[in-house]
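Below is one structure, written out as structure tokens, with a few remarks after it.
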Amino acid sequence: MTSGTGDLPGGSSKEPAVGNRAAWFRLKAPETRLETAERMGMLQKISRLFVIKTRWEAFMIIYALALGAVERGSAYLTRFPGWGGKLLFLACTGAVFMAGAKILDCLKFEQAQQASARLADENGSEIDRSSGTKPDLA
83 MTSGTGDLPG GSSKEPAVGN RAAWFRLKAP ETRLETAERM GMLQKISRLF
133 VIKTRWEAFM IIYALALGAV ERGSAYLTRF PGWGGKLLFL ACTGAVFMAG
183 AKILDCLKFE QAQQASARLA DENGSEIDRS SGTKPDLA
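Numbering-wise, the working numbering comes out as the position in the sequence shown, counting from 1, plus 82.
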């Protein structure tokens, strides 16, 4: 049996008192740092799914954005006939062009940064990553 105070009894049962959420969370919380590290590792694996790594992935995302923008733009054309709808349609598609350019530029920058880091590691030189210069060893 559980006590009415809401705390877990001293080893008689592992079930918390009814209505005591804090005790329930203490039971469900990871008990070791290893379990917490395993959960963080799983979160990192899942978060890697949302990172754009190649140009092909970037173009697929840009294509999906373009499909959505054209769909939204066509809705604007039917809702606002005339110049207003056409301008809103152009704004939708223009936003995709700007977002696509930004995605491709960032991808190119990240790949160049990784290549320079790889090259620095292969050469054995220690380059200060923040300034891009070699430290003085004198």
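The beta carbon of each residue, even a glycine, is placed where N, CA and C say it ideally should be.
- Take the alpha-carbon of Met124 and the one of Met142: they are about 26 Å apart.
- In the displayed model, Ile134 falls within coil according to three-state DSSP, outside both helix and strand.
- Around the C-beta of Cys174, 16 or more other C-beta atoms lie within 10 Å, and the residue is accordingly described as buried.
- Per DSSP, Phe162 lies in no alpha helix (DSSP H) segment and is marked neither H nor E.
- Collapsing the DSSP output to three states places Gly150 in a helix.
- In this structure, the alpha-carbon of Val133 lies about 19 Å from that of Ala148.
- Contact between the region 190-204 and the region 155-174 is not established, with fewer than three Cβ pairs separated by less than 8 Å.
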